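Sequences listed follow chains L and B, in order. Position 100 of the first sequence, counted from 1, bears residue number 100 in the working numbering, the numbering being contiguous throughout. Position 167 of the second sequence, counted from 1, bears residue number 1167 in the working numbering, the numbering being contiguous throughout. The beta carbon of each residue, even a glycine, is placed where N, CA and C say it ideally should be. Quick caveat, the model's predicted, so the values are computed rather than measured.
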Amino acid sequence: MIVAERKPLEEIIGFIKDYKKILLVGCNECVTVCYAGGKKEVAILASALKMAFLKEEKELEVKEVTLERQCDQEYLEEIRSIVDQYEAIVSMACGVGVQFMAEKYQTMPVYPALNTLFMGGAEEMGVWAERCQGCGQCVLGQTAGICPITRCAKRLLNGPCGGSTKGHCEINKDVPCAWQLIIDRLKALGKLDDYDNLMPIKDWSAERSGGPRKIVREDLRQ
Amino acid sequence: MNPKTPSKLEQILASGQLAVTSECGPPRGSNGDAIKKKAEIIKNHVDAINITDNQTSVTRLCSLAAVIRLKLMGLEPILQMVTRDRNRIALQSDILGAASFDIHNILCLSGDHQQFGDNPKAQNVFDIDSMQLIQMVRLMRDEKKFLGGDDLERAPEMFVGAACNPFADPFEIRARRLAKKVAAGVEFIQTQCIYNLDKFELWMKQVRDMGIHEKVYILAGVTPLKSAGMAKYMKNRVPGMDVPDEVVKRMSGVSKDDQPEEGIKICVESIQRLKEIEGIRGFHIMAIEWEERVPEIVEKAGLFPRPAVASEPFSL
Ligand code: SF4
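Shown next, in the form of structure tokens:
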């Protein structure tokens, strides 16, 4: 899933300080699962904003809505009938949802309430960690199912570097060394010999470097 | 092994003599004379001089400009290049730039993470890694090709080196990792500073068992300790550095004033012991901001005088 966390309240207030009526829109997908922008977080942010306005002796009307998905045209349509009653939208979706919202409602100011961080999962309750950077040409088949592009701070395809110490990365003792993990798992799989293969220079054009990416599936197009 | 390039370092290694290299860090400013001064101190006692490339990610005068200064002094520079800051376009371009000044040695590194330096908020590049940089230089040199497949004119004639840290984890793959660098085309290795000689010997045994020492020249890295404080710092704070307790104890066991001498002594003793290891073809003396002590280390270790091989003359 996409993992995000809420921006500091002051930053969000900075976006909306001149408005009186806002539409605060949550998303029922990833950001609900990572407790950043679901129904509950929408309610918490709504009251925090209202309180902050009250302290300044200002009033703020907040309409709380949580859509099934903000990265989906169909669900975004659900608020069309009420959008006009508000001066701005604050979206609690990931960066994708915020942009789809802005594209849908061309004349409405749309502000992000979250910082979108990464594609990852919950390692345990309350702990989320990154696993994939969407490089467009997955190498997990050669790296024992552990992504060096994401989990090595230098994204080395032929690691580990000389800074790997007792299982952790040179940048921080709390970061596991991706290549230690890869080697441990190759060993467990009885495939340590795979380590001897040189990984070729990567084609980054399928990654962010190649420009905004898009998939067109003619079989699904209408 | 027959030399494949005009590199003086390669000639010396190929002749079977122990090579001695050292390094200079460029200044944090544009004073090119600083590099000259450091080089003057060590030039008669070493065969080639590494110029570090923004080491520990601290911004400095670039290694390319600094090696050109050494070249113009008639010395033999080793251009260090990290893949942290430049993509494959910039790397190839800088390699050609260096080759246009007949720089004949390159050390291919990935580089420390930028969080250690003065710009922890920087992007890092890592378009390729150190092994792939080795492959790229070999492609440019041997096939006379750019990475993109086009032919290049006047190929770089560079003796290709890399670093190697036998003390990083996981230890069990460290010799295999060197074998990978050899497969990528590396020709000489400068190791991380060696303080734990027992562990280093163990690693060299693995290297010999795999026959790698026959395929690559290994220069053992040493760094004289200036103080007990430095020993502790290296032990506890520098990732991938292995300073045994005995070494820290030995440094702490003498008065502060005597610590520099003790550091030099340990360094010379290490070299003596390393000389006995089969497969060690030379020494890389990294005297960090302590160039003035390099000549005496070389002399005391019995590595002086240096072989009389002249660097290829170069003038503008
Ligand atoms: S190799 Fe690429 S696609 Fe696969 S997990 Fe890593 S970043 Fe994601």
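A direct Cα-Cα distance of roughly 27 Å separates D184/L from D203/L. Taking 9 Å as the cut-off, the beta carbon of Q73/L is found no closer than this to the beta carbon of V25/L. Per DSSP, the beta bridge partners of A1162/B are C1108/B and I1189/B.
Using a CB distance below 7 Å, the part of the stretch 185-200 of chain L facing chain B consists of Y195, D196 and L198, ordered along the chain. If you check the C-beta of C135/L against the ligand SF4, you find a heavy atom less than 8 Å away. In the DSSP assignment, V127/L falls within the beta strand (DSSP E) that extends over V127 to C132. Within the stretch 157-168 of chain L, those residues whose Cβ lies closer than 8 Å to any Cβ of chain B are, in chain order, L157, N158, G159, P160, C161, G162, G163, S164, T165, K166 and G167. The beta carbon of W128/L does not come within 9 Å of any beta carbon belonging to chain B, so the residue lies off that interface. Interface residue (Cβ-Cβ distance to chain L less than 9 Å): I1194/B is not classified as such. Bounds of the alpha helix (DSSP H) holding Q99/L are G95 to K104. Distance from the C-beta of C138/L to the nearest heavy atom of the ligand SF4 is below 8 Å. Judged by beta-carbon spacing, F1188/B lies beyond the 9 Å limit of K1004/B, meaning their Cβ atoms are not closer than that value. Along the stretch 78-90 of chain L, there is no position whose C-beta sits under 8 Å from a C-beta of chain B.
Only buried fits A1175/B, as 16 or more other CB atoms lie within 10 angstroms of its CB. Three or more Cβ pairs closer than 8 Å define a contact, and the stretch 1138-1154 of chain B falls short of that threshold against the stretch 180-197 of chain L.
Assignment of R1086/B by DSSP, reduced to helix, strand and coil, places it in the coil class. When S1110/B, M1131/B, P1026/B and S1311/B are compared, the shortest CA-CA separation from I1051/B is found for P1026/B. Boundaries cannot be given for R155/L, as no alpha helix (DSSP H) includes it and DSSP labels it neither H nor E. For the 9 Å CB-CB criterion, C152/L and C169/L form a contact. In the structure shown, R1176/B adopts helical secondary structure according to DSSP, grouped into three states.
For R155/L, the closest Cβ of chain B is nearer than 9 Å. In terms of side-chain proximity, the C-beta atom of C177/L is found no nearer than 8 Å to any non-hydrogen atom of the ligand SF4.
The beta-carbon of K1121/B is placed no less than 9 Å from the nearest beta-carbon of chain L. The Cβ of H1113/B sits closer than 9 Å to at least one Cβ of chain L. The three-state secondary structure of D1257/B, taken from DSSP, is helix. The beta carbon of Q137/L sits no closer than 9 Å to any beta carbon of chain B. For C177/L, the nearest beta carbon of chain B is closer than 9 Å to its own beta carbon. Secondary structure of F1200/B (DSSP, three-state): helix. With a cutoff of 9 Å on beta-carbon distance, G38/L and A113/L are scored as not near each other. Beta bridge pairing from DSSP links P176/L with H168/L. Identification of chain B residues near I171/L by a Cβ-Cβ cut-off of 7 Å yields H1113 and Q1115, ordered along the chain. In the assembly as shown, D1257/B is an exposed residue. Its beta-carbon has fewer than 16 other beta-carbons within 10 Å. T1021/B carries a strand assignment under DSSP once its states are collapsed to helix, strand and coil.
One Cα belongs to P109/L, the other to I89/L, and the distance between them is close to 6 Å. If the five residues before and after I1035/B are omitted, its C-beta is found closer than 8 Å to the C-beta atoms of C1024, P1026, P1027, I1051, L1061, A1066, R1069 and L1070, all from its own chain and listed in chain order. Judged by DSSP in its simplified three-state form, L1225/B adopts coil rather than helix or strand.
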